[in-house]
Amino acid sequence: MVALSKGRYTVRVATTSDDLRAAQALRQMAFHGVEAQGGDADRFDPICIHMLVEERESGRLVCCFRFLPLAGGGEIDRSYSAQFYELSALRAFDGPMVEMGRFCIHPEVTDPDILRVAWGAMTAYVDENNVEMLFGCSSFSGTDAKEYFDAFAMLRDRHLAPKRWLPKVKAPKVFRYAARLRRKPNLKLAQMRMPPLLRTYLMMGGWVSDHAVIDTHMNTLHVFTGLEIRAIPPGRKKLLRAIGG
Numbered sequence: 391m392v393a394l395s396k397g398r399y400t401v402r403v404a405t406t407s408d409d410l411r412a413a414q415a416l417r418q419m420a421f422h423g424v425e426a427q428g429g430d431a432d433r434f435d436p437i438c439i440h441m442l443v444e445e446r447e448s449g450r451l452v453c454c455f456r457f458l459p460l461a462g463g464g465e466i467d468r469s470y471s472a473q474f475y476e477l478s479a480l481r482a483f484d485g486p487m488v489e490m491g492r493f494c495i496h497p498e499v500t501d502p503d504i505l506r507v508a509w510g511a512m513t514a515y516v517d518e519n520n521v522e523m524l525f526g527c528s529s530f531s532g533t534d535a536k537e538y539f540d541a542f543a544m545l546r547d548r549h550l551a552p553k554r555w556l557p558k559v560k561a562p563k564v565f566r567y568a569a570r571l572r573r574k575p576n577l578k579l580a581q582m583r584m585p586p587l588l589r590t591y592l593m594m595g596g597w598v599s600d601h602a603v604i605d606t607h608m609n610t611l612h613v614f615t616g617l618e619i620r621a622i623p624p625g626r627k628k629l630l631r632a633i634g635g
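Number 524 in the numbering used here belongs to position 134 of the sequence shown; there are no gaps in the numbering.
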């Protein structure tokens, strides 16, 4: 099972109920504000593998995320994402899949190495388990799509899912950016407004749904994001494996 240490940080699997509660408390803070009390929990937590990124010296939890392993596309309806997207096209995917979700970084920590270490752990897990697709929901903060028009226009032009895997609309509130937006993106603004996690997915060859779900509970706009492991450029794979090695 994945466990690694790089620079100031260590990554490990949550093994106790206290570990899970710590992850849920960090998620609550990251998703609902530093003043929020309690923990962010849902019915998927008990069936997921939870990863913790901690500061080596202090032990402080600075990042967490979770994996839901699926044997193949036939299990796609078990995923968190299937609540929001009609994913019948992905039932034909015949390799092992992992849904990566609830990714968050402590709101008071800005070190970009945290994201790199987290991706190193994801890469190690993918390699250990022969995963062929990584997927999940990539979130934009807030529900005002106007703030992200350039980012959405860039997703429309460069990163839409292949037709054979394209998710269909299921959620009651969506922004159909691929159909509605007519503007050409300002690429600099698009990159600035793109969530860091999604930016990394795209750098590795990831793709997205043609619409964003308006999630008022989480106060986000999110797009379904998929990454076929064999599509990752060799140079990028080498860098990620160097982190996880």
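Yeah, the Cβ is synthetic: ideal placement off N, Cα and C, and Gly gets one too.
Item to check | Whole-Å CB distance - P459 paired with N520, under 8 Å assumed | outcome: Taking 8 Å as the upper bound for CB-CB distance, P459 and N520 are not in contact here, some 11 Å apart.
Item to check | Backbone CA spacing between H549 and L592 [nearest angstrom] | outcome: Approximately 7 Å between the Cα atoms of the pair.
Checklist entry - Taking the alpha-carbon positions, what's the E554 to R481 distance? => result It is worth fixing the name first, because residue 554 is Arg in this sequence and not Glu. Straight-line Cα distance between these residues: approximately 11 Å.
Item to check | Euclidean distance between Cα positions of L611 and G491 | outcome: G491 has its alpha-carbon roughly 15 Å from the corresponding atom of L611.
Next on the checklist: Using a Cβ-Cβ cutoff of less than 6 Å, which residues in the same chain neighbour T400 once the five nearest sequence positions on both sides are dropped?
Outcome noted: For T400, the CB contacts under 6 Å within the same chain, skipping 5 residues up- and downstream, are E444 and R446 in chain order.
Next on the checklist: By alpha-carbon positions, which one of S529, R506, I504 and Q414 ends up nearest to V603?
Outcome noted: That would be S529, whose Cα lies nearest to the Cα of V603.
Checklist entry - Is there contact here, the region 608-624 with the region 528-546, by at least three beta-carbon pairs under 8 Å? => result With a cut-off of 8 Å, the region 528-546 and the region 608-624 count as touching, because enough Cβ pairs lie within range.
Checklist entry - Going straight from the alpha carbon of Y640 to that of R631, what length do you get? => result Given that the chain is displayed from residue 391 to residue 635, the structure contains no residue 640 and the question cannot be resolved.
Checklist entry - Comparing alpha-carbon positions, which option in L410, P624 and R456 lies nearest G526? => result Cα-wise, what sits closest to G526 is R456.
Item to check | Stretch pair the region 401-414 + the region 502-511: three plus CB contacts closer than 8 Å | outcome: As far as the Cβ criterion goes, the region 401-414 touches the region 502-511, which means the pair count is three or higher.
Next on the checklist: Given a cut-off of 8 Å on the beta-carbon distance, is the pair L416 and L451 in contact?
Outcome noted: In contact: L416 and L451 (Cβ atoms closer than 8 Å).
Item to check | Uninterrupted alpha helix (DSSP H) stretches inside the region 490-524 (no shorter than 4 residues) | outcome: You should have 503-518.
Checklist entry - Is the region 556-570 close to the region 581-601, with three or more CB pairs under 8 Å? => result Taking one beta carbon from each stretch, the region 556-570 and the region 581-601 have 3 or more pairs nearer than 8 Å; the two touch.
Checklist entry - Which stretch, first to last residue, makes up the beta strand (DSSP E) that contains P459? => result Residues L451 to L460.
Item to check | Cβ neighbour criterion (16 or more within 10 Å) applied to S469 | outcome: Buried, by the Cβ-count rule.
Next on the checklist: So for I622, helix, strand or coil by DSSP?
Outcome noted: Three-state result, I622: coil.
Checklist entry - For C438 versus H496, is the C-beta distance shorter than 8 Å? => result No, the pair does not count as a contact, with Cβ atoms beyond the cut-off.
Item to check | F483 (DSSP reduced to helix, strand or coil) | outcome: If DSSP states are grouped into helix, strand and coil, F483 belongs with coil.
Next on the checklist: Quick check on S448: buried or exposed, where buried means 16 or more other Cβ atoms within 10 Å of its Cβ?
Outcome noted: With fewer than 16 other CB atoms across the displayed protein chains lying within 10 angstroms of its CB, S448 is exposed.
Checklist entry - Where does D547 sit, in a helix, a strand or coil, going by DSSP? => result D547 falls in the helix class under three-state DSSP.
Item to check | N-terminal and C-terminal residue of the beta strand (DSSP E) that H440 is part of | outcome: I439 to E445 is the extent of the beta strand (DSSP E) around H440.
Next on the checklist: For K536 and H422, I'd like the C-alpha separation in whole angstroms.
Outcome noted: If you take the alpha carbons of K536 and H422, they lie about 21 Å apart.
Checklist entry - If T615 sits next to L571, beta carbons under 8 Å apart, how far is it from one beta carbon to the other, in whole angstroms? => result Actually they are not in contact, since the Cβ atoms of T615 and L571 sit about 18 Å apart, beyond 8 Å.
Item to check | Cβ separation of R546 and A568, assumed to be a contact under 8 Å, to the nearest whole Å | outcome: With 8 Å as the limit, R546 and A568 qualify as a contact, their Cβ atoms being about 5 Å apart.
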